[in-house]
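Participant: There's a structure below that I have some questions on.
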Amino acid sequence: MRSNLEKNVLAALSYSDIFDYPLTQTQIHKFLVGKKASRKDVEENLKKLSAEKKIDQNREFYFLPKREKITETRIERELISQDKLKIAKKTARILKLIPSVKFVGISGALACKNSQKEDDIDFFIITKAGQVWTTRLLCTLILDILRKRRKRQDKKIKDKICLNLFLDESDLALGPKDLFLAREITQLKPLYDKNSCYQRFLFQNVWIKKFLPNTKVELGIKEQKSKDRLDFWSVFSILEPFLRIFQLFYMRERVTCEKLSKKQIFFHPVDVRDRILSEYNKRINQLPS
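Count along the sequence shown from 1, add 3, and you get the number used in our numbering.
What follows is the structure, given as structure tokens:
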């Protein structure tokens with residue numbers, strides 16, 4: 004029978020194996036599923052699992068048996084991701100000029116440097132309270148001008164920016180609470196962070212520690228409240244409801260699995276959550292005793 008920690012190590016490797024993504028020892032500790040453990044404990048269990056031939060290792064990467072080829076896959080994708088990261092950082096430097104943008108991050112494959120050549124770039128944006136739809140419209144217009152935005156009908160999406168998630172800073176809690184979303188949150192790569200917005204986001208989603216207990220979330224963060232000022236930008240708060248209605252009307256015939264509320268906007272051209280979790284559970288059930 005497997006010890007508890009061995010099972011958790013294998014769970015972390017099984018999840019990443021779905022994406023052809025072997026893990027380093029540091030990553031296994033970070034993504035350890037369902038159990039908090041020290042780095043030393045993880046190291047000892049890796050040695051034991053390796054000796055028992057339940058996992059394999061190539062260079063600094065660990066993976067399930069007979070999956071050595073994904074080591075080269077990861078290295079190749081890291082090289083591909085370097086150019087995409089440059090594009091993402093350049094784009095973030097432009098979008099952060101919008102006063103209502105509080106945070107810009109990369110989600111999805113690129114956040115782990117696991118992008119394929121033809122992949123797009125997923126952006127995660129947090130906005131000033133009461134201006135999420137206004138910000139979404141401005142980001143869309145800017146990327147359209149730059150011809151960088153991924154559109155639903157695009158067949159070639161390489162290096163295009165997919166604005167797939169916007170959050171109002173007053174509503175940062177995400178769901179459903181499962182391993183898929185916990186990994187997505189933990190893997191986020193910040194590109195721009197104003198007033199510790201990223202840490203406030205993690206604090207509002209501290210539930211991820213139930214699935215990934217080694218994730219670092221700073222508790223007790225005090226939100227800094229700035230004094231309200233009547234300036235030009237405050238006009239957009241007044242326009243927010245109208246801009247939301249306008250955008251919803253424009254996209255009414257194209258909405259499928261999107262989540263569109265007053266404070267959270269999710270765009271998912273393809274919702275893979277159920278498929279990933281189903282594949283993960285299948286792999287867990289196939290692990291040797």
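Note that CB positions come from ideal geometry on N, CA and C, so glycine has one too.
Within a Cβ cutoff of 8 Å, which residues of the same chain sit near I58, ignoring the five residues on either side of it in sequence?
Facilitator: V12, L13, L16, L49, L52, Y65, F66, L67 and P68
Participant: What separation, rounded to the nearest whole angstrom, lies between the Cα atoms of Q156 and L263?
Facilitator: 20 Å
Participant: Are the beta-carbon atoms belonging to F204 and I129 less than 9 Å from one another?
Facilitator: yes
Participant: Quick check on K228: buried or exposed, where buried means 16 or more other Cβ atoms within 10 Å of its Cβ?
Facilitator: Any reading at K228 is ruled out, since the residue's pLDDT is 49, under 50, leaving its predicted position unreliable.
Participant: Cβ atoms of I268 and R153: under 9 Å apart, would you say?
Facilitator: no
Participant: Between the C-alpha atoms of V220 and Q202, what's the straight-line distance to the nearest angstrom?
Facilitator: 7 Å
Participant: Can you name, in chain order, every residue of its own chain whose Cβ lies under 8 Å from the Cβ of L141, other than the five neighbours on each side?
Facilitator: I101 and S103
Participant: Have a look at Y253 and L170 and give me their C-alpha separation to the nearest angstrom.
Facilitator: 20 Å
Participant: Based on the DSSP output, what are the partners of G108 in its beta bridges?
Facilitator: F127 and P193
Participant: Judging by CA-CA distance, which residue of L166, T27 and V135 is the nearest neighbour of R77?
Facilitator: T27
Participant: So what's L166 in DSSP terms, helix, strand or just coil?
Facilitator: strand
Participant: Given a cut-off of 9 Å on the beta-carbon distance, is the pair K151 and I160 in contact?
Facilitator: I160 is positioned such that its CB atom lies no closer than 9 Å to that of K151.
Participant: Note down, in chain order, each residue of its chain lying with its Cβ closer than 7 Å to the Cβ of A176, except the 5 sequence neighbours on either side.
Facilitator: Q207 and N208
Participant: Inspect the CB distances between the stretch 107 to 120 and the stretch 179 to 198 and report whether three or more fall short of 8 Å.
Facilitator: yes
Participant: Looking at the strands, I want to know which residues DSSP matches up with Q267.
Facilitator: L170
Participant: Thinking just about the alpha-carbon of each residue, which of V36, Y18 and L8 is nearest to the one in K212?
Facilitator: V36
Participant: Three-state secondary structure (DSSP) at R152?
Facilitator: strand
Participant: Locate the beta strand (DSSP E) running through Y65, then write down its first and last residues.
Facilitator: Counting along the chain, the unbroken beta strand (DSSP E) around Y65 starts and ends at F64 to F66.
Participant: Measure the C-alpha to C-alpha separation of E79 and D174 and round it to an integer number of angstroms.
Facilitator: 38 Å
Participant: Please classify L82 as buried or exposed, where buried requires at least 16 other C-beta atoms within 10 Å of its C-beta.
Facilitator: When all chains shown are included, L82 counts as exposed.
Participant: Among the candidates E46, E55 and V135, whose CA atom is the shortest distance from the CA of I248?
Facilitator: It is V135.
Participant: Whose CA, out of E63, E46 and D274, lies closest to the CA of L8?
Facilitator: E46
Participant: Look at the Cβ atom of L166, then the Cβ atom of L146, and state whether they are nearer than 9 Å.
Facilitator: Yes; because the gap between Cβ atoms is below 9 Å, this pair is in contact.
Participant: Between the C-alpha atoms of F270 and Q60, what's the straight-line distance to the nearest angstrom?
Facilitator: 37 Å
Participant: For N123, I'd like the list of residues in its chain whose CB is within less than 6 Å of its CB, leaving aside the five on either flank, ordered along the chain.
Facilitator: The question names Asn, yet the displayed sequence has Asp at residue 123. Around D123: R153, I160, K163 and C165.
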